[in-house]
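Student: Have a look at the structure that comes next, please.
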Amino acid sequence: MAKIEEIQADLERSQLRLAEIRANLQPIDPISEISKYMEDFEKIQGSFHRNYVPVYFCINYYQEKHGIRGNLAEIGISRGKSFIPLSSLCKPGELALAVDIFASPKPDYDGVIGDYNIFLDNIRKYLPGQLDSIKILQVNSEKCTSQDYLNKVKGKKMRIFSVDGCHTSEATEIDLRNAYNCLEKGGVIILDDYFHAGRPGVSEGFHRFLFKDNPDLKAFFIGWNKMLLTHSSHAEGYMSALRESISNLIQKEFLGSPVMIIPPPKINWIS
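Here's what the structure looks like:
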């Protein structure tokens, strides 16, 4: 009888532990985690779309579920509008790396120039409990290597790496190559402005990187001016996770592989 009671007690403990694990795997509500940021969203300068906040949390949920760990990074910080929700995903032992020259990288640069002091103010205001986990590298990313980034975050690879730097073809190619070389297996690269008509250097730089390096990357989501890429073995998994979280997604083909997109607005053409 005592043996049966011990087995039942062990079973109950196992069931409780399983319930705890399942609870920890539930998606985090981005609004409750960074509520002040969401309240002030329109006041913060930057072109980041608010709909990407739940996308970030969906990526985070998938990575938790599949045991994908690593640091977070973004090239092209400006005032931190997209870096804040990204770095809010930091778990204990993880770091978030902000890379920006916070000045014009070249005389004819026509992009957004970051403001270091405003960025710091925003971090203190919206992520006061995470200051120790944020690392800043004030440098022109075109002069960096992937090892420069890894050295800044204790050598641990990135599970999410956002590329939104100088939008020339040369800079985009360099940034993507460094991001890929830093990427943890199953991690995600977020590329800004690939389809932007005013930033043709981004798509050119992307294809230069693609053809020269032949990386194991597939796009799995395109929307709100960003393209998300991951290793081919995880692309379908991320697409499934997004389908469950975001309504009205449709599937298209991009570079020979399926990708989820936000349906474009209907246009009534006048002939």
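Take the sequence shown: its letter number 134 is residue 122 in the numbering used here, and every next letter is one higher.
Heads up, the beta-carbon is just placed ideally off N, CA and C, and yes, glycines get one too.
Source: prediction; values computed, not measured.
To which residues of the same chain is Ser233 closer than 6 Å at the C-beta, ignoring the five residues directly before and after it?
Tutor: Counted from its first residue, the sequence shown places residue 233 at position 245. Within the same chain, Ser233 has close Cβ partners Cys46.
Student: Rank Leu77, Val247, Met146 and Pro251 by C-alpha distance to the C-alpha of Gly174 and give the top, closest one.
Tutor: The residue you call residue 174 lines up with position 186 of the sequence shown. Comparing Cα-Cα distances from Gly174 to each of Leu77, Val247, Met146 and Pro251, the minimum goes to Met146.
Student: Does the separation of the CB atoms of Leu83 and Val141 fall below 8 Å?
Tutor: Mapped onto the sequence shown, residue 83 falls at position 95. Mapped onto the sequence shown, residue 141 falls at position 153. A contact, by the Cβ cut-off of 8 Å.
Student: How many angstroms separate the CA atom of Ile111 from the CA atom of Asp204?
Tutor: For the purposes of this step, residue 111 is taken as the residue at position 123 of the sequence shown. For the purposes of this step, residue 204 is taken as the residue at position 216 of the sequence shown. Cα-Cα distance, rounded: 34 Å.
Student: Mapping the DSSP letters down to three states, classify Leu83 as helix, strand or coil.
Tutor: Counted from its first residue, the sequence shown places residue 83 at position 95. The answer is coil: DSSP assigns Leu83 none of H, G, I, E or B.
Student: Return the residue from the list Ala159, Trp212, Gly189 and Tyr168 that minimises the CA-CA distance to Asn128.
Tutor: Taking the first residue of the sequence shown as position 1, residue 128 is located at position 140. The shortest C-alpha separation from Asn128 is found at Ala159.
Student: For Ile63, collect the residues of the same chain with a Cβ closer than 6 Å to its Cβ; drop the 5 residues on either side in sequence, then sort them by chain order.
Tutor: Residue mapping note: residue 63 aligns to position 75 of the sequence shown, counting from 1. So the list reads Val87, Ser129, Val151, Gly153 and Asp163, once near-sequence residues are dropped.
Student: If the criterion is Cβ atoms closer than 8 Å, does the pair Gly58 and Glu172 meet it?
Tutor: Position 70 of the sequence shown, counted from the start, is the residue given in the question as residue 58. Position 184 of the sequence shown, counted from the start, is the residue given in the question as residue 172. In contact: Gly58 and Glu172 (Cβ atoms closer than 8 Å).
Student: Just curious, the beta strand (DSSP E) that Glu130 is in, first and last residue?
Tutor: By one-based count along the sequence shown, residue 130 stands at place 142. Careful: Glu130 lies outside any beta strand (DSSP E) and carries neither H nor E.
Student: Using the Cβ count rule (16 or more neighbours within 10 Å means buried), how would you classify Ser120?
Tutor: As a working note, residue 120 is residue 132 in the sequence shown. In the sequence as presented, Ser is not what sits at residue 120; that position holds Asp. With fewer than 16 other Cβ atoms within 10 Å, it is exposed.
Student: Please report how far the alpha carbon of Pro73 lies from the alpha carbon of Gly34, in whole angstroms.
Tutor: If you number the sequence shown from 1, residue 73 lands on position 85. If you number the sequence shown from 1, residue 34 lands on position 46. Between Pro73 and Gly34, the C-alpha separation is close to 13 Å.
Student: So, using beta-carbon positions, are Trp212 and His37 closer together than 8 Å?
Tutor: Taking the first residue of the sequence shown as position 1, residue 212 is located at position 224. Taking the first residue of the sequence shown as position 1, residue 37 is located at position 49. Yes; because the gap between Cβ atoms is below 8 Å, this pair is in contact.
Student: Is the CB-CB distance between Ser76 and Ile22 below 8 Å?
Tutor: In the sequence shown, the residue the question calls residue 76 occupies position 88. In the sequence shown, the residue the question calls residue 22 occupies position 34. Yes, Cβ-Cβ distance for Ser76 and Ile22 is below 8 Å.
Student: Could you tell me whether the Cβ atoms of Phe260 and Ile65 are closer together than 8 Å?
Tutor: This structure cannot speak to residue 260, because the chain is shown only from -11 to 259.
Student: Sorted by chain position, which residues of the same chain lie with C-beta nearer than 6 Å to Ser220's C-beta, five sequence neighbours on each side aside?
Tutor: Stepping through the sequence shown from its first residue, residue 220 is reached at position 232. Counting only Cβ-Cβ distances below 6 Å, and skipping sequence neighbours, we find Asp204 and Lys206.
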